[in-house]
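Read the structure below first, then the notes.
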Amino acid sequence: MIRLENVSKTYNRGIRALNNVSLTIDSGEFVYVIGTTGSGKSTFIKLLYREIKPTTGIVEVVGLDVAKIPNRKVPYFRRNIGVVFQDFRLLPTKTVFENVAYALEVIDTPRHEIRKQVRQTLDLVGLGEKINAFPHELSGGQQQRVAIARAIVNNPKLLIADEPTGNLDPDTSVEIIELLEKINQSGTTVLVVTHDREVVQSNKKRTIVIDNGYIDSDTSTGGYGI
Amino acid sequence: MIRLENVSKTYNRGIRALNNVSLTIDSGEFVYVIGTTGSGKSTFIKLLYREIKPTTGIVEVVGLDVAKIPNRKVPYFRRNIGVVFQDFRLLPTKTVFENVAYALEVIDTPRHEIRKQVRQTLDLVGLGEKINAFPHELSGGQQQRVAIARAIVNNPKLLIADEPTGNLDPDTSVEIIELLEKINQSGTTVLVVTHDREVVQSNKKRTIVIDNGYIDSDTSTGGYGI
Amino acid sequence: MRELISTFKNLPRHFKTALQNLIRNNVMSFSSIFAVTITLAMIGIVGLVAFNVQDISSSIEDEISIYVKLDRTIDDAQAEAVGTQILALDNIANVEYSSKSAELDRLIESQGEAGAALFESYREDNPLGAAYTVTVTNPDLIGQTAQKITAIEDVNTVDYGGDSTTDLIKTLNTVRNGGTIFVVALGVIALFMIANTVKITIDTRKTEISIMRMVGASNWYIRIPFMLEGMLIGLVGAILPCVMLFYGYDYIYKITNGMVVTQMLSLVEPGAVIVQLVQALVGLGAGVGIIGSFISIRRYLKF
Amino acid sequence: MRELISTFKNLPRHFKTALQNLIRNNVMSFSSIFAVTITLAMIGIVGLVAFNVQDISSSIEDEISIYVKLDRTIDDAQAEAVGTQILALDNIANVEYSSKSAELDRLIESQGEAGAALFESYREDNPLGAAYTVTVTNPDLIGQTAQKITAIEDVNTVDYGGDSTTDLIKTLNTVRNGGTIFVVALGVIALFMIANTVKITIDTRKTEISIMRMVGASNWYIRIPFMLEGMLIGLVGAILPCVMLFYGYDYIYKITNGMVVTQMLSLVEPGAVIVQLVQALVGLGAGVGIIGSFISIRRYLKF
Ligand SMILES: Nc1ncnc2c1ncn2[C@@H]1O[C@H](COP(=O)(O)OP(=O)(O)OP(=O)(O)O)[C@@H](O)[C@H]1O
Ligand SMILES: Nc1ncnc2c1ncn2[C@@H]1O[C@H](COP(=O)(O)OP(=O)(O)OP(=O)(O)O)[C@@H](O)[C@H]1O
Ligand SMILES: [Mg+2]
Ligand SMILES: [Mg+2]
Numbered sequence: 022m023i024r025l026e027n028v029s030k031t032y033n034r035g036i037r038a039l040n041n042v043s044l045t046i047d048s049g050e051f052v053y054v055i056g057t058t059g060s061g062k063s064t065f066i067k068l069l070y071r072e073i074k075p076t077t078g079i080v081e082v083v084g085l086d087v088a089k090i091p092n093r094k095v096p097y098f099r100r101n102i103g104v105v106f107q108d109f110r111l112l113p114t115k116t117v118f119e120n121v122a123y124a125l126e127v128i129d130t131p132r133h134e135i136r137k138q139v140r141q142t143l144d145l146v147g148l149g150e151k152i153n154a155f156p157h158e159l160s161g162g163q164q165q166r167v168a169i170a171r172a173i174v175n176n177p178k179l180l181i182a183d184e185p186t187g188n189l190d191p192d193t194s195v196e197i198i199e200l201l202e203k204i205n206q207s208g209t210t211v212l213v214v215t216h217d218r219e220v221v222q223s224n225k226k227r228t229i230v231i232d233n234g235y236i237d238s239d240t241s242t243g244g245y246g247i
Numbered sequence: 022m023i024r025l026e027n028v029s030k031t032y033n034r035g036i037r038a039l040n041n042v043s044l045t046i047d048s049g050e051f052v053y054v055i056g057t058t059g060s061g062k063s064t065f066i067k068l069l070y071r072e073i074k075p076t077t078g079i080v081e082v083v084g085l086d087v088a089k090i091p092n093r094k095v096p097y098f099r100r101n102i103g104v105v106f107q108d109f110r111l112l113p114t115k116t117v118f119e120n121v122a123y124a125l126e127v128i129d130t131p132r133h134e135i136r137k138q139v140r141q142t143l144d145l146v147g148l149g150e151k152i153n154a155f156p157h158e159l160s161g162g163q164q165q166r167v168a169i170a171r172a173i174v175n176n177p178k179l180l181i182a183d184e185p186t187g188n189l190d191p192d193t194s195v196e197i198i199e200l201l202e203k204i205n206q207s208g209t210t211v212l213v214v215t216h217d218r219e220v221v222q223s224n225k226k227r228t229i230v231i232d233n234g235y236i237d238s239d240t241s242t243g244g245y246g247i
Numbered sequence: 003m004r005e006l007i008s009t010f011k012n013l014p015r016h017f018k019t020a021l022q023n024l025i026r027n028n029v030m031s032f033s034s035i036f037a038v039t040i041t042l043a044m045i046g047i048v049g050l051v052a053f054n055v056q057d058i059s060s061s062i063e064d065e066i067s068i069y070v071k072l073d074r075t076i077d078d079a080q081a082e083a084v085g086t087q088i089l090a091l092d093n094i095a096n097v098e099y100s101s102k103s104a105e106l107d108r109l110i111e112s113q114g115e116a117g118a119a120l121f122e123s124y125r126e127d128n129p130l131g132a133a134y135t136v137t138v139t140n141p142d143l144i145g146q147t148a149q150k151i152t153a154i155e156d157v158n159t160v161d162y163g164g165d166s167t168t169d170l171i172k173t174l175n176t177v178r179n180g181g182t183i184f185v186v187a188l189g190v191i192a193l194f195m196i197a198n199t200v201k202i203t204i205d206t207r208k209t210e211i212s213i214m215r216m217v218g219a220s221n222w223y224i225r226i227p228f229m230l231e232g233m234l235i236g237l238v239g240a241i242l243p244c245v246m247l248f249y250g251y252d253y254i255y256k257i258t259n260g261m262v263v264t265q266m267l268s269l270v271e272p273g274a275v276i277v278q279l280v281q282a283l284v285g286l287g288a289g290v291g292i293i294g295s296f297i298s299i300r301r302y303l304k305f
Numbered sequence: 003m004r005e006l007i008s009t010f011k012n013l014p015r016h017f018k019t020a021l022q023n024l025i026r027n028n029v030m031s032f033s034s035i036f037a038v039t040i041t042l043a044m045i046g047i048v049g050l051v052a053f054n055v056q057d058i059s060s061s062i063e064d065e066i067s068i069y070v071k072l073d074r075t076i077d078d079a080q081a082e083a084v085g086t087q088i089l090a091l092d093n094i095a096n097v098e099y100s101s102k103s104a105e106l107d108r109l110i111e112s113q114g115e116a117g118a119a120l121f122e123s124y125r126e127d128n129p130l131g132a133a134y135t136v137t138v139t140n141p142d143l144i145g146q147t148a149q150k151i152t153a154i155e156d157v158n159t160v161d162y163g164g165d166s167t168t169d170l171i172k173t174l175n176t177v178r179n180g181g182t183i184f185v186v187a188l189g190v191i192a193l194f195m196i197a198n199t200v201k202i203t204i205d206t207r208k209t210e211i212s213i214m215r216m217v218g219a220s221n222w223y224i225r226i227p228f229m230l231e232g233m234l235i236g237l238v239g240a241i242l243p244c245v246m247l248f249y250g251y252d253y254i255y256k257i258t259n260g261m262v263v264t265q266m267l268s269l270v271e272p273g274a275v276i277v278q279l280v281q282a283l284v285g286l287g288a289g290v291g292i293i294g295s296f297i298s299i300r301r302y303l304k305f
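Residue numbers (the numbering used here), protein chains in the order written: chain A, 22 to 247; chain B, 22 to 247; chain C, 3 to 305; chain D, 3 to 305.
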């Protein structure tokens with residue numbers, strides 16, 4: 022599903038955010054990515070859905086060399102991936118319903134299908150009654166849950182979540198993690214970046230620790246958990 | 022320092038975010054505000070620095086009836102308050118240094134003072150080397166720390182922080198909370214909204230629990246902690 | 003291909019999106035529409051003025067004629083023969099005959115009060131020849147035509163005002179060409195203006211566009227609503243200028259009876275001209291809106 | 003008051019901020035500057051054309067004159083007396099005398115080749131009177147002046163072209179007034195255009211403005227850099243149109259030798275006109291930029 026080979030990412034001004042990272046994540050895995058702030062976690066996942074390209078090395082996702090996908094084809098590639106962005110990235114002029122529906126509309130889902138699935142997904146994340154609100158009318162945690170709903174609504178092969186519980190209280194966090202696990206059980210590969218120690222500890226899963234741009238440990242390759 | 026009297030806030034479409042809240046916070050206190058997502062925490066603190074006005078009731082901060090301050094005077098009022106916004110709100114075209122310096126420039130601080138204080142503060146939050154980066158070049162946690170630096174740089178009488186550790190790893194979180202305590206010890210009133218159970222539990226302070234727009238408990242008035 | 007089919011199938015939805023964006027970004031939309039409105043109003047006004055200048059300059063040209071004096075010794079039949087020969091030339095629009103005695107009348111009249119006393123005595127033995135007043139189809143060639151007429155037998159003198167008339171014609175041509183260049187230049191400037199406005203409108207939404215791509219929207223899926231929005235901005239922006247031109251010009255035409263002060267500056271009749279202008283404005287507004295959006299959005303479809 | 007002092011003390015910093023914003027928002031700034039550039043270019047071109055139209059129409063008016071024929075029985079002294087009386091009237095610019103025989107020359111010439119044969123015999127006993135050609139200072143009053151001249155003793159006929167001349171004068175006036183209205187209207191439209199562009203630029207930064215207020219910046223502290231930025235946009239936007247006008251018009255003037263085709267359409271000399279225009283453009287650009295910013299930012303200083 023995901024394969025990184027000697028990947029480095031240097032931003033301009035010479036900031037090295039990732040250093041020579043190699044790893045493989047198989048289809049159906051559930052992986053946590055943890056690390057201190059500024060260690061390169063977001064950089065790592067931005068490489069996966071091609072928000073950025075690696076400076077050196079190869080990134081392969083769903084069988085494609087990500088850097089080689091032509092610009093025009095990038096959206097098609099991204100339909101395989103659901104992403105929960107750290108900064109949400111909701112469309113400000115669309116309502117909650119429309120934001121979530123958008124991910125289905127672009128793949129030509131029939132309208133009644135859209136309505137059904139969006140409602141279901143919003144209920145799942147506990148936002149059933151905010152369906153017609155605009156993003157700026159939501160609390161931080163509610164926006165985060167809209168972002169989650171949008172990422173999972175089209176049943177992607179790969180689900181990437183950057184701090185999906187950063188703005189949520191502990192109880193809601195647990196619910197969301199349970200939801201991600203359920204999605205994982207239905208066959209989706211799930212990659213979760215998190216700071217939430219409780220979450221990582223209560224669900225013993227493969228955990229990749231990034232530190233200062235290097236992979237510090239990876240439980241699947243005999244590293245250590247926290 | 023802060024006094025709320027029967028305060029309610031109803032957004033348009035009849036969404037009642039706060040219901041008949043009354044409370045007093047004295048000068049020099051350190052108060053946690055917790056509650057589930059969407060319970061009204063951000064609404065509560067937005068009332069304090071007058072991002073919004075109460076629908077009914079009186080909000081008094083630093084001795085002023087907040088709703089009665091004329092628009093023109095609002096910025097002067099806000100100079101008493103440092104705010105860490107849940108969504109950071111950094112100025113996108115200014116560098117880290119400029120963002121933090123801005124809060125000092127507006128109160129006519131001499132230039133060499135500004136340079137000294139900004140550097141000190143950025144070192145304090147651990148961002149010394151990101152001084153010339155733009156917000157979009159920072160990780161989530163780094164942006165959050167810039168927001169904190171900006172809020173504390175001008176030594177406000179009241180410091181309000183909405184989820185100041187939402188994007189930080191546990192170790193950095195602890196450091197930030199210790200920083201806030203140090204600021205509190207120097208006389209500043211501090212109000213922290215947080216989801217971080219560890220934080221609240223390890224620092225036994227007055228804790229206000231908001232639930233669904235009501236004050237569910239307040240340890241200073243004989244409520245219960247979590 | 004698949005993308006194209008999907009695009010057409012989704013047109014109604016795209017249209018709804020475009021309309022929604024227009025309404026929800028109300029401040030921005032208003033500014034853009036306002037910019038289009040005043041730009042088109044400008045094009046409309048300039049266009050109308052240009053139309054009228056063209057019209058006036060042609061009607062001045064229509065008045066230009068060649069005055070052909072015949073020998074005074076020839077008889078009526080010979081005079082008629084000259085008329086036929088003139089008519090046979092190229093570039094002749096009309097030929098009007100003026101008999102010997104009509105010419106004398108003219109001379110007397112031109113001398114004012116003293117005229118009759120001076121020249122009435124010539125009536126018996128008229129020393130003047132008959133004359134033709136010739137109008138041409140293409141005033142630019144008036145000199146050549148006059149020369150050809152001079153060559154005809156029995157023609158005494160030919161007068162078309164000489165240099166001063168050629169100058170007038172050149173002047174009118176310059177005014178017309180200058181006017182056209184001016185209108186075209188202003189038009190181009192105005193279109194840049196609209197395109198630029200659309201560009202700014204889109205620039206402010208680059209994050210939105212990048213989010214759409216993040217979520218898997220194909221380039222055309224993103225582009226179409228923006229283009230439709232550009233079209234709507236152009237169309238809505240065209241309403242006011244069109245109404246203004248339509249009723250405004252009609253009104254001016256009515257209160258002036260179709261002339262500005264004098265017959266010399268007569269206005270073009272409203273009807274067809276206005277319809278053409280309105281069509282042009284609507285077309286420009288919508289067209290530039292669509293194309294401007296298409297071009298502006300390009301650079302944001304890369305990440 | 004305190005706010006005002008602080009504002010002035012901070013001017014250098016505000017200026018730096020304005021410049022920084024201009025550079026850091028490069029896409030947006032470029033669009034705004036571009037909008038100002040083409041708007042000012044338009045005003046510049048229209049202004050130049052208007053200047054020239056004004057000039058040409060006055061030089062046409064200068065050519066208009068009254069042709070005063072005297073009785074043919076009077077002697078030279080009497081004729082001179084008439085001249086003195088005409089000069090004594092209001093609205094007289096110049097009076098030129100033409101003797102009896104000069105008048106006959108004119109008549110003969112006007113009759114072309116046949117003229118000499120026809121009228122040379124009159125040379126001995128000239129039936130024509132002497133004449134004056136009178137030019138007026140204010141062509142609008144030419145009718146009245148002609149009437150007053152008619153009333154003078156020994157004046158036989160007075161001819162100033164009658165209705166057709168009054169019509170020409172009215173026409174020229176209309177062209178001039180119409181031109182002025184047109185230029186002013188276009189100018190106003192163009193200024194709206196610039197103000198609107200500045201407005202859009204500011205709209206896109208409303209979050210920024212609200213953050214500044216959140217952090218305690220007073221309204222003037224926020225406003226000044228935006229106004230300076232507006233000014234810079236206006237100034238930078240004025241550069242190209244000014245250079246264009248300055249060198250472009252000079253060039254056109256040189257290659258045409260100052261006339262478009264004929265003397266009739268002579269161009270205004272570059273010098274002063276261009277300097278005035280350039281000053282106007284620079285002033286407009288900067289002024290509208292500042293005022294536009296001031297007004298546009300208003301609504302965002304409320305939250
Ligand atoms: N666009 C950019 N230009 C320059 N430097 C950048 C850019 N984006 C990120 N960086 C830097 O790269 C490093 C890694 O950033 P990244 O966002 O990957 O961290 P992170 O692990 O996600 O942190 P956090 O937990 O705070 O979100 C940081 O030092 C950051 O400042
Ligand atoms: N501008 C608004 N218009 C309408 N409703 C709003 C608006 N802002 C907030 N709300 C609603 O008011 C309620 C309280 O929101 P608030 O932001 O105060 O929650 P919160 O406690 O800060 O939540 P979180 O922990 O997720 O940030 C929510 O249901 C939210 O949807
Ligand atoms: Mg991150
Ligand atoms: Mg909140």
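Glycine is no exception: its CB is placed at the ideal position from the N, C-alpha and C atoms. Remember, it's a predicted structure, so these values are computed and weren't measured experimentally.
Judged by beta-carbon spacing, THR203 of chain D lies within the 7 Å limit of SER34 of chain D, meaning their Cβ atoms are closer than that value.
DSSP, read as helix, strand or coil, puts SER238 of chain A in strand. Secondary structure at LYS71 of chain D: strand, using DSSP grouped into helix, strand and coil.
Within the segment 244-284 of chain C, there are no complete alpha helix (DSSP H) runs of at least 4 residues. Taking the C-beta atoms as reference points, LYS226 of chain B is found nearer than 7 Å to TYR53 of chain B. The three-state secondary structure of LEU50 of chain C, taken from DSSP, is helix. Using a Cβ distance threshold of 7 Å, ILE213 of chain D and HIS16 of chain D do not count as a contacting pair. Of the other Cβ atoms in all chains shown, fewer than 16 fall within 10 Å of the Cβ of ARG300 of chain D; this residue is therefore exposed. Taking the CA atoms as reference points, ILE241 of chain C sits about 8 Å from VAL284 of chain C. Between PHE109 of chain B and ALA168 of chain B, the gap from beta carbon to beta carbon is short of 7 Å.
In the pairwise beta carbon analysis, the segment 35-42 of chain C is classified as touching the segment 189-203 of chain D: at least three pairs are separated by under 8 Å.
Between ALA132 of chain D and LEU91 of chain D, the C-beta spacing is not below 7 Å. Residue pairing of LYS30 of chain A in beta bridges, as defined by DSSP: A:LEU39.
With at least 16 other beta carbons inside 10 angstroms of its own, LYS115 of chain B counts as buried.
Residue range 78-90 is occupied by the alpha helix (DSSP H) that includes ASP78 of chain D. Leaving aside the five residues that flank ILE197 of chain B on each side, the residues in its chain whose CB is nearer than 8 Å to its CB run, in chain order, VAL146, ARG166, ILE169, PRO185, THR186, LEU189.
Taking every protein chain shown into account, the CB of THR76 of chain B has fewer than 16 other CB atoms within 10 angstroms, so this residue is exposed.
Taking the Cβ atoms as the reference, VAL127 of chain B lies roughly 30 Å from GLY78 of chain B, outside the contact range of under 8 Å. Looking at the DSSP output, ASN96 of chain C sits in a beta bridge with C:THR137.
Ligand 1 never approaches ILE236 of chain B closely enough for any of its heavy atoms to be under 6 Å from the residue's Cβ.
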